[in-house]
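Colleague:
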Amino acid sequence: MRNLDLWINKYETRSKQIGQEIKNYAQWLNTLKEDLMCLGLIQPPPVGEKKQYKACYVDGGEGLYELLGTAVYIVRAAGLIHEKPQARFIRDLDFDIIRHSDDTKEQVELKRECMEIKIAEEAVNAGCDLIVLDGSLFVKNHKKPAQTKQYDAYLKKFNRLMKKCREKNASLVGVSEDTKSRLLINYLMQEHEIDIPVNLTDASLLRLLAGDSSFLSGPFKPKTNQLTAADYPTVYLQPTRLSNPLRIDFPPWEQNLEKILSHLQFHSNASKAYGYPLPLYLAHLESRINPQHVKWTSKHLAKAAFREYPQICDAYMRTTRRNCRPGN
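In the numbering used here, the protein residues as written are 1 to 328.
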C-alpha cells in the first residue's frame, strides 16, 4: 500500500473516534433496546415450505458508457419462471445512444425499471400467480420525480402491473436485498414517539434487537414525506442466523402474506450467509451487465456509424480522454 504511514496515522485517529462515538451511544442503545422489545417487533420466522406457486422472479441490469458527445446504454431484464417440471427464463434487452444531461443515469434506471415491469406483465399473462420483484414496491411507487418523459410512462406501467396482478389474482411482492432505509424507524418515531439515533438503519436496529437469530418483524405501513400512511404493508425477514434482514413489501389487498413469506423463507435457505431467495439471485445473474459488454457495444456502434459519417462521428462518438487512460 502506498503512503502506509499516512494510513496508519489516520487509522489510529479514526478508530479512537469511532470507538468513543459507540461508547457514547451504548447506554442510549441499551435503554432503547429495552423499550423496543416491549413492542413485539421481533417474531418467530415463518416455517419455510415450498408452496405450490407458479412464481416468476424478476431482476434487471444496466450499463452506461460515456462518449465525447453522447453515451451508450444497455438495459436488460430477466424473469425466472419457477415451475415444474423445468424452470425457464423470460428475457429482454435494449441498447441505444442517450444524450448527456444531469439525469442521464436516472433515465437509464427508468428504462431498466420499465423493462422489468414488462417482464413481470409477461409472466402474469403466462399464468404466474406470484411475481417477486427485486426492490421495494414502496420505493418503486415513490421514486423521486425525474425531469424526463420516461418518468410518467414508468408510473403508468407500474400502476398497470399492479392493476393486472389484482385482476388476475396474482400476488406481487418486492424484496430488497441490502436495504439502507429508515422506514421502520420513522414509523416508530412517529407512532410511538421514540427517539432513535440517526446513524441506525432499520436493518441495524433489528440486528441490535434480535442478534444472530432468524426472525420476522411485525408488519407496518411506511410513512411518506407527507406523514400519511402508504398502502404497502412491510415486514423484515432475516431468513437465516448468519444473514441480514430482507425488506419485503406487498400491495394493500394481498391476503396471503404468511404463505408468501413461508415460500420466500424456503428459497432463502440455500446459502446461510447470503439468505436471499435463490431464484431471484439466478435472475440477477442472468440480467447483470458486464462493463466490458457496454464498452464493446459502444465501439461497434461507433464503427458502424463512422462508415457513413466519419467526420461527424469522430466528434460525436469519439471515446473520452478518461477512457483512454493507460490501463483502461
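Where is the CB? At the ideal position from N, CA and C, for every residue including glycine.
In whole angstroms, what separates the C-alpha of residue 55 from that of residue 131?
Modeller: Each residue's alpha carbon lies about 6 Å from the other.
Colleague: With burial defined as no fewer than 16 other Cβ atoms inside 10 Å of the residue's Cβ, what is the status of residue 100: buried or exposed?
Modeller: Exposed, since its Cβ has fewer than 16 Cβ neighbours within 10 Å.
Colleague: Does the distance from the C-beta atom of residue 233 to that of residue 250 stay below 8 Å?
Modeller: Result yes, Cβ atoms of residue 233 and residue 250 sit closer than 8 Å.
Colleague: Check whether the Cβ atoms of residue 120 and residue 183 sit closer than 8 Å, and answer yes or no.
Modeller: Going by C-beta atoms, residue 120 is not nearer than 8 Å to residue 183.
Colleague: Can you tell me whether DSSP reads residue 36 as helix, strand or coil?
Modeller: Helix at residue 36.
Colleague: With DSSP run on the structure shown, which of helix, strand or coil describes residue 306?
Modeller: If DSSP states are grouped into helix, strand and coil, residue 306 belongs with the helices.
Colleague: Between the region 29 to 40 and the region 189 to 205, do three or more beta carbon pairs fall short of 8 Å?
Modeller: Because the criterion of three Cβ pairs below 8 Å is met, the region 29 to 40 and the region 189 to 205 touch.
Colleague: Which runs of the alpha helix (DSSP H) spanning at least 4 residues fall entirely within the region 143 to 176, listed in chain order?
Modeller: As far as the region 143 to 176 is concerned, its whole alpha helix (DSSP H) runs of at least 4 residues are 149 to 167.
Colleague: Where in the region 278 to 303 do unbroken runs of the alpha helix (DSSP H), each at least 4 residues long, occur, reported from the N-terminal end onward?
Modeller: Segments of the alpha helix (DSSP H) lying fully in the region 278 to 303: 278 to 287.
Colleague: Could you check if residue 300 is buried or exposed, using at least 16 other CB atoms within 10 Å of its CB as the buried criterion?
Modeller: Residue 300 comes out exposed.
Colleague: Please name the residue or residues paired with residue 94 in a DSSP beta bridge.
Modeller: Beta-bridge pairing links residue 94 to 75.
Colleague: Please report the Cβ distance between residue 179 and residue 247, rounded to the nearest whole angstrom; I am assuming they are in contact, meaning their Cβ atoms lie under 8 Å.
Modeller: About 4 Å separates the two Cβ atoms, so the contact holds.
Colleague: Run the CB neighbour count on residue 107, radius 10 Å, all protein chains shown included, and call it buried at 16 or more, exposed below.
Modeller: Buried, because 16 or more other Cβ atoms sit within 10 Å of the Cβ of residue 107.
Colleague: Is it right to say residue 157 is buried, meaning 16 or more other beta carbons lie within 10 angstroms of its own, or is it exposed?
Modeller: Residue 157 is buried by the Cβ-count criterion.
Colleague: Cα-Cα, which of 59, 124, 188, 208 is closest to residue 339?
Modeller: No answer is possible for residue 339: it lies beyond the span of the chain, which begins at 1 and ends at 328.
Colleague: Hey, out of 207, 2, 284, 11, whose CA is closest to residue 90's CA?
Modeller: Answer by Cα proximity: 284.
Colleague: Let me know the secondary structure DSSP gives residue 229 once reduced to three states.
Modeller: In this prediction, residue 229 scores a pLDDT of 44, lower than 50, which makes its location untrustworthy; the coordinate-derived value is nonetheless stated afterwards. Strand, per DSSP.
Colleague: Can you tell me where the beta strand (DSSP E) holding residue 55 begins and where it ends?
Modeller: That run of the beta strand (DSSP E) goes 55 to 66.
Colleague: DSSP beta-bridge partners for residue 240?
Modeller: Residue 240 pairs with nothing; no bridge assigned.
Colleague: Just mark residue 313 as buried or exposed, buried being the case when its beta carbon has 16 or more other beta carbons within 10 Å.
Modeller: Looking at its Cβ environment, which holds 16 or more other Cβ atoms inside 10 Å, residue 313 is buried.
Colleague: Which partner residues of residue 262 appear in the DSSP bridge assignment?
Modeller: Answer is none; residue 262 lacks a bridge partner.
Colleague: Here's the rule I'm using: 16 or more other beta-carbon atoms within 10 Å means buried, otherwise exposed. How should residue 324 be labelled?
Modeller: Exposed, by the Cβ-count rule.
Colleague: Can you tell me whether DSSP reads residue 234 as helix, strand or coil?
Modeller: Residue 234: strand per DSSP, three-state reduction.
Colleague: Applying the criterion that 16 or more other CB atoms from any shown protein chain within 10 Å of the CB defines a buried residue, is residue 227 buried or exposed?
Modeller: Since pLDDT at residue 227 reaches only 43, below the 50 mark, its modelled position is unreliable, and the value read off the structure follows with that caveat. Residue 227 is exposed by the Cβ-count criterion.
Colleague: List the endpoints of the continuous beta strand (DSSP E) containing residue 185.
Modeller: No beta strand (DSSP E) holds residue 185; the alpha helix (DSSP H) holding it covers 183 to 192.
Colleague: Ends of the beta strand (DSSP E) at residue 112?
Modeller: Run containing residue 112: none in the beta strand (DSSP E); it sits in the alpha helix (DSSP H), 104 to 125.
Colleague: What does a CB cutoff of less than 7 Å around residue 311 pick up in its chain, not counting 5 residues either side in sequence?
Modeller: Excluding positions up to five away in sequence, the list is empty.
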